[in-house]
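Numbering (the numbering used here), first residue to last: 1194 to 1564.
The beta carbon of each residue, even a glycine, is placed where N, CA and C say it ideally should be.
Since the structure is predicted, the reported quantities are computational estimates derived from the model, not experimental observations.
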């Protein structure tokens, strides 16, 4: 009986040993695989560390090269400007060449621009030197200066004073990669569109459904302040990278920032309550017109860039402009209605500032908004 009981016990022991052997083999195989992965990763990390050191060295070389090249660019540009001024002064002190000499300029222009030999310097007459100076002056203006203008924004540019105040003196704002410049410009356009749509929706809700609340009004006006302030920073960065944004357009956004700040600080007086609904309707209308202008100008600028008539970093802007005449049809009434709405706002605010029944003391915010 004891022997019979011992047989199952031995069989169970053998099964446990076999199972333990299989588990141990599987564990060893997994451990071996993990060790091999670590060894491969260690080799990759060593290789990456060497590559990173090379990258840092090259990056430092590029930064030094950019600074050196920028200084060289400034030096050459200054020399060209000085040389043009000196040639202008010299030309004003001597006789202007006759028609035959002018014809010679056109015929031998490449010859006149080459570097002279010593024998030619001694044999050259004053009239010939004047002809050569005229040719050099024309060459400096039409070719060399244009070339420097084209390559200016391929070099690091110092930030303008506004950016230095906001971001600090040492923060680089130049985007030297053309594709990255284009992406930043597109991001700027998308930012304007998204925030304008938010402003339009909020204005619609505040003027129709949502009851008057000074807290919600303050949040909306803070959104306007943040939006216009952000636009001024982004536009300054675009200008530092070669975008031809006009000064008046940027000034318009600075003024809009100030106006939004004035309304944000406007206390909940009787004059504010009178003007509140009108301002929301105005914000709704202006946002709607801006969306229309965005889609119209975006398509137009795409065609102009394809024809070579527009800069790659040209942005969509508000209002009416000469280049918008190409295909402009239905937008003119909306634009002029917006201008008339602005005049009406000024008229209403002026009447509130002189209306004694609106409130006991006229607010300084009203007068500034009129301006």
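Asked: Residue 1370 in three-state terms, based on DSSP; Found: coil
Asked: Inter-residue CB distance, residue 1409 and residue 1399 (contact presumed, cutoff 8 angstroms); Found: 7 angstroms
Asked: Cβ shell of residue 1527 (< 6 angstroms), same chain only, five flanking positions each side left out; Found: 1482
Asked: Three CB pairs or more closer than 8 angstroms across the segment 1527–1540 and the segment 1472–1488; Found: yes
Asked: Straight-line gap, residue 1453 to residue 1419 (C-alpha atoms, nearest Å); Found: 9 angstroms
Asked: Three-state class that DSSP yields for residue 1350 in the structure shown; Found: coil
Asked: 7 angstroms Cβ shell around residue 1544 - same chain, five flanking residues per side excluded; Found: none
Asked: Chain-order list of residues whose beta-carbon lies under 7 angstroms from that of residue 1438 (same chain, five-residue window excluded); Found: 1428, 1431, 1432, 1508
Asked: Among 1221, 1446, 1489, 1267, the one whose alpha carbon lies nearest that of residue 1423; Found: 1446
Asked: Beta-carbon proximity list for residue 1469, same chain, < 8 angstroms, skipping 5 on both sides; Found: 1405, 1410
Asked: Whole-angstrom distance between residue 1263 and residue 1349, CA atom to CA atom; Found: 7 angstroms
Asked: Residue 1463, DSSP secondary structure in three states; Found: helix
Asked: Residue from 1228, 1389, 1224 whose Cα sits closest to the Cα of residue 1480; Found: 1389
Asked: Cα-Cα separation, residue 1385 to residue 1464; Found: 31 angstroms
Asked: Given 8 angstroms, three or more beta-carbon pairs between the segment 1237–1249 and the segment 1349–1367; Found: no
Asked: Boundaries (first-last residue) of the alpha helix (DSSP H) holding residue 1535; Found: 1524–1547
Asked: Straight-line gap, residue 1377 to residue 1387 (C-alpha atoms, nearest Å); Found: 15 angstroms
Asked: Selection from 1458, 1471, 1363 that minimises the alpha carbon distance to residue 1396; Found: 1471
Asked: For residue 1380, the three-state DSSP class (helix, strand or coil); Found: helix
Asked: Whether residue 1259 touches residue 1416 by CB criterion (9 angstroms); Found: no
Asked: Test item: CB-CB of residue 1338 and residue 1273 under 9 angstroms; Found: yes
Asked: Whole-angstrom C-beta distance between residue 1269 and residue 1359, which should lie under 8 angstroms; Found: Actually they are not in contact, since the Cβ atoms of residue 1359 and residue 1269 sit about 31 angstroms apart, beyond 8 angstroms.
Asked: Buried versus exposed call for residue 1450 [16 or more other C-beta atoms within 10 Å across all chains shown]; Found: buried
Asked: Selected residue, minimal CA-CA separation from residue 1541, among 1267, 1530, 1467; Found: 1467
Asked: Inter-residue spacing [alpha-carbon to alpha-carbon] between residue 1382 and residue 1355; Found: 21 angstroms
Asked: Local conformation of residue 1607 per DSSP, three classes; Found: This structure does not reach residue 1607, given that the chain is present from 1194 up to 1564, and the question cannot be answered.
Asked: Cβ pair residue 1345, residue 1266 closer than 9 angstroms; Found: yes
Asked: Span of the alpha helix (DSSP H), counted from its first residue to its last, around residue 1344; Found: 1338–1344
Asked: Length of the line joining the Cα atoms of residue 1279 and residue 1251; Found: 41 angstroms
Asked: Buried versus exposed call for residue 1328 [16 or more other C-beta atoms within 10 Å across all chains shown]; Found: buried
Asked: When 1436, 1336, 1234, 1407 are compared against residue 1375, the one with the closest alpha-carbon; Found: 1436
Asked: Three-way DSSP call (helix, strand, coil) for residue 1274 in this model; Found: helix
Asked: CA-to-CA distance, residue 1243 to residue 1421, given in whole angstroms; Found: 46 angstroms
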